[in-house]
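In this note's numbering, the protein residues as written are 150 to 543.
Notes to accompany the following structure.
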Ligand code: FEO
């Protein structure tokens, strides 16, 4: 735990989780993460913006004691998820006079998730202010970044926007401010893909909404602080836009080599047409990398052998994730091999109902691919090229 001052009397209390490798028992964290709380000492009141994951609660409380924080008046809860709210009960035990300040939706969730009693809350609505004396907090309701109750806190006098998950990155780093934009860009894009992408349209509205706030710093609750926020704002604008790139994503599995042979041929065919190709062998894929690739791609081609009539179970898992993440893909197709029959194509199509994609005629092969099958793969590559041309992305 470190004490870092962003501006006078505004502190970055980051509990860095260098070793965490999985979030929600689902999302790989190759670079660890951090849970950032912020302490604001006003001339009259003291506020803590968010807390930390309960596994790191002892670090936050030790920090507050070590630096002789004698009272906390307000614990601002921007988001109810436990990696930020989980240490609120510990803080309330240490500072029983503190009130939890949040919006009505978040209050109900905190009561349900953390069993905090109702008398501990002060509720605020969109545009409300709380004065700390010489510093003022203004609240902006920003739903669906990435839960329905999320809000942002703006520190007016210092022009700092506290965004919790919004603009965050799972990146354990000792630096308080972003020092390597390229590194943070990749981590933030991966984070956006895994957490925010299903809510792209709502996030677009929230990006419009925060234009009304004159902030110079974005302080998220994961990863480093943006003291030059233009680059992450521009990145988000691009990610949530409807623009797609000349890219094809190929999640695949091969059991005895037929599907792998087709994927290999198909990848080369796309490369020859100057299309960026990203194949993902689903036995080895970090799903965060797959999610990140889906942020910009125009087309997905899912390749699977047939197992007990349907797609390989790993392909089912990958396809389910793709559908749940709702990427802005425009086109989809399937490459399938089978021994004696099956319904792979129908089953994959049934799993992509969230996507607004045009289905390009799949390639279905009995046994090992033969000359006419490679011709079909060439036809599929040609069709994708033409579709991308129509989108003006080739
Ligand atoms: Fe970082 Fe939605 O919690």
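We put the beta carbon where it would ideally sit given N, CA and C, even for glycine.
Keep in mind that this is a model prediction, so the values were computed, not measured.
For residue 434, the secondary structure class from DSSP, reduced to helix, strand or coil, is coil. Along the region 253 to 324, the beta strand (DSSP E) occurs as fully enclosed runs of 3 or more residues at 270 to 272, 278 to 280, 285 to 290, 300 to 304, 309 to 313, listed in sequence order. In this structure, the beta-carbon distance from residue 498 to residue 508 falls below 8 Å.
Residues of the same chain with a CB within less than 6 Å of the CB of residue 272, apart from the 5 flanking positions on each side, are 253, 256 in chain order. Taking the Cα of residue 407 as reference, the smallest distance to any Cα among 504, 518, 451, 401 is reached at 518. For residue 427, the secondary structure class from DSSP, reduced to helix, strand or coil, is strand.
Distances taken from the Cβ of residue 370 to the heavy atoms of the ligand FEO include one shorter than 7 Å. With respect to the C-alpha of residue 399, the residue from 168, 309, 260, 482 having the closest C-alpha is 482. Within 10 angstroms of the beta-carbon of residue 404 lie fewer than 16 other beta-carbons, which makes it exposed. Distance from the CA atom of residue 161 to the CA atom of residue 325, rounded to whole angstroms, is 7 Å. Each residue's CA atom was taken as its position, placing residue 311 and residue 369 some 6 Å apart.
Taking residue 236 as the centre and dropping the five residues before and after it, the same chain places the C-beta of 200, 201, 203, 206, 209 closer than 6 Å to its C-beta, in chain order. Residue state for residue 439 is assigned as helix, using DSSP reduced to three classes.
For residue 523, no pairing in a beta bridge is given by DSSP. Those residues that bring their Cβ nearer than 5 Å to a heavy atom of the ligand FEO are 230, 232, 314. Residue 464: not part of any beta strand (DSSP E); member of the alpha helix (DSSP H) spanning 462 to 474, first to last residue. Annotation: the continuous beta strand (DSSP E) that includes residue 452 extends over 446 to 456.
Runs of the alpha helix (DSSP H) lying entirely within the region 180 to 219 and spanning at least 4 residues, in chain order: 206 to 215. Rounded to the nearest whole angstrom, the C-alpha separation of residue 435 and residue 191 is 44 Å. Contact annotation, residue 330 with residue 437: C-beta distance approximately 20 Å; criterion of less than 8 Å not satisfied. Residue 279 and residue 188 have their C-alpha atoms roughly 15 Å apart. The alpha carbon of residue 495 has as its nearest neighbour, out of 523, 156, 453, the alpha carbon of 453.
Scanning the region 353 to 393 for uninterrupted alpha helix (DSSP H) segments of 4 residues or longer gives 379 to 389, listed from N- to C-terminal end. In the three-state scheme derived from DSSP, where H, G and I count as helix and E and B as strand, residue 350 is classed as helix. Straight-line measurement puts the Cα of residue 470 at about 30 Å from the Cα of residue 359. Non-local C-beta neighbours of residue 536 in its own chain, meaning closer than 8 Å and more than five positions away in sequence, comprise 447, 448, 479, 480, 507, 509, ordered along the chain. The region 284 to 303 makes no contact with the region 169 to 181; the number of CB pairs closer than 8 Å stays below 3. Straight-line spacing of the CA atoms in residue 348 and residue 354 works out to 10 Å. Excluding residues up to 5 positions away in sequence, 224, 247, 249, 265, 269 lie with their Cβ nearer than 8 Å to the Cβ of residue 241 in the same chain.
The Cβ atoms of residue 502 and residue 463 lie no closer than 8 Å to each other.
Looking at 332, 320, 387, 362, the one whose alpha-carbon comes closest to that of residue 309 is 362.
Between the alpha carbons of residue 451 and residue 155 lies a distance of about 47 Å.
Taking all protein chains in view, the Cβ of residue 169 is crowded by 16 or more other Cβ atoms within 10 Å, so the residue is classified as buried. Collapsing the DSSP output to three states places residue 244 in coil. The closest CA to that of residue 305, considering only 442, 283, 218, 214, is found on 283. Counting along the chain, the unbroken alpha helix (DSSP H) around residue 234 starts and ends at 231 to 234.
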